[in-house]
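Let me begin by presenting the structure, written as structure tokens, before commenting on it.
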Amino acid sequence: MRGIRSISALSASIVLLSLKPSFSEEKSFPLLANTELRISGGISAFWMQTLDRKENPSLYSVTDISAANLEISKPSSSTLPIGFALNVGRRAVPTVGIEYEPFVSESKFELQSAYITLDIDKLNIMAGKIPAIYGWESPFTYQNANIQRGLVWWAEFNSFFNGFRLTYSLLDTLKVIGGVNDWNTKDGKYALEFGISSRPLSNLLANFTLIYNNRNDKYPIRLYSLALSYSKGNTTITLNPDIITVPDSKTGTNGNGTGTGFGVALFISQKISENLSTGIRFEYVKADKKFDYYGIGKDNSAVTSTFTLKYSKSGFFIRGEASYVKTDKPTYERNKDTQFRLLAETGFVF
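Residue numbers (the numbering used here): 3 to 352.
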């Protein structure tokens, strides 16, 4: 079911190829087939209904553009080791357990990513507005097995940030990553990024990423993210745990002490036939008593389950989804601790 994930067309041809697999079964068809320059993208729209919610119908019955993006890219090659990617458009981020506001969440048409790459022997250098490599889910809905993102993704959130990344191939099956970026920073300070990507077997992938913010940053966060994926036949199973810690900081907003939150997501995806596939996601997340990055409230926990059925052919796709969230403490309107949604999405990827 899963090919190797790329956040963009260029990423599919350079180092990110082996770092992040994709739930998307859609392929990008280069419009300029006989040149190195590639044009790719997609457009999609979705409908979402949150059941048993009456206070604010505009938030609970939603129709919105889920993605509209265009990317121009050129992969590096043996003759010219310099590549680039430029992605413009908009993306919505419907997420289980998070109230959605149409045309607000990440909805502006803007520059999504813009970066250059340079290959020097076993070293790849990427600089600009670059894609994230942590976690498992992609920035655009049609790239994932589910329409909604999960709460583990919500805690990590940022899909693109400014900075640079160095990736060195120690072996054909092992890469080490280091970089500097502005992930979750608001006051000019930067975060350090470290990672390891390994494919010990052709059907087994392991990625570990650490994002280490400046202790005196306004948001002094540490993110530890692991993704383990195993494929056999038409089925892929992926485990994606993460830990978010906030260190004691004299100048940060969390200067009253340390805290730790954690979550884990299990993805099961299967290609039933040439055109039909399913995506299932189960999650458990636990927010700290002092802070919450999972969107469920401090000192709270949640379990989520999401089921998606998809039909696709020649770039066109249509799919339906049902999701359920149960929190330990009431989180939603009317003092509710549950959320149940039905969704549909259709679009075209080229």
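Cβ atoms here follow ideal geometry from the backbone N, Cα and C, with glycine treated the same way.
L268 sits in a strand when the DSSP states are folded into three classes. Residue pairing by DSSP puts P243 in a beta bridge opposite V266. Distance from the CA atom of K328 to the CA atom of E285, rounded to whole angstroms, is 10 Å. Below 8 Å, too few C-beta pairs join the region 270–277 and the region 155–169 to call them touching: fewer than three. For I67, the CB contacts under 7 Å within the same chain, skipping 5 residues up- and downstream, are A47, R92, A94 in chain order. Just so you know, the alpha carbons of P133 and A193 end up roughly 15 Å apart. The Cβ atoms of G281 and T306 lie no closer than 8 Å to each other. Taking the Cα of G130 as reference, the smallest distance to any Cα among Y232, P96, A87, I298 is reached at A87.
Here L225 has I213, I246 as same chain residues with Cβ atoms under 6 Å from its own Cβ, once five neighbours each way along the sequence are excluded. With a cutoff of 8 Å on beta-carbon distance, E323 and T340 are scored as not near each other. Taking a C-beta distance under 8 Å as the contact criterion, I127 and T211 do not qualify as a contact pair. With fewer than 16 other beta carbons inside 10 angstroms of its own, G190 counts as exposed. When DSSP states are grouped into helix, strand and coil, V98 belongs to the coil group. Closest option to L345, judged by alpha-carbon separation, among D123, I198, N148, P141: N148. A direct Cα-Cα distance of roughly 10 Å separates I223 from G261. Burial of G152 is indicated by the presence of at least 16 other C-beta atoms within 10 angstroms of its C-beta.
Taking every protein chain shown into account, the CB of S227 has 16 or more other CB atoms within 10 angstroms, so this residue is buried. Between F142 and A229, the CB-CB gap reaches or exceeds 8 Å. Sequence-distant partners of L172 (beyond 5 residues in either direction) whose C-beta falls short of 7 Å from its own C-beta, in its chain, are V178. Distance from G317 to F352 at the Cβ level is roughly 6 Å; contact confirmed, criterion being Cβ atoms closer than 8 Å. One alpha carbon belongs to N146, the other to W155, and they sit about 12 Å apart. One Cα belongs to R201, the other to L241, and the distance between them is close to 15 Å. DSSP links I67 through a beta bridge to A47. If you ignore the 5 residues before and after I270, its C-beta comes within less than 6 Å of the C-beta of I239, I282, all in its own chain and listed in chain order.
C-alpha of D184 to C-alpha of Y313: approximately 38 Å in a straight line. When C-alpha distances from G85 are compared across T119, L72, F111, the shortest belongs to T119. Taking Q272 as the centre and dropping the five residues before and after it, the same chain places the C-beta of M3, N236, T237, S279, T280 closer than 7 Å to its C-beta, in chain order. Annotation for E158: no beta strand (DSSP E) segment contains it, though the alpha helix (DSSP H) segment containing it runs 153–158. In the three-state DSSP reduction, Y62 falls in the helix class (H, G or I). Straight-line spacing of the CA atoms in G99 and S79 works out to 43 Å. K338 has its alpha-carbon roughly 13 Å from the corresponding atom of T52.
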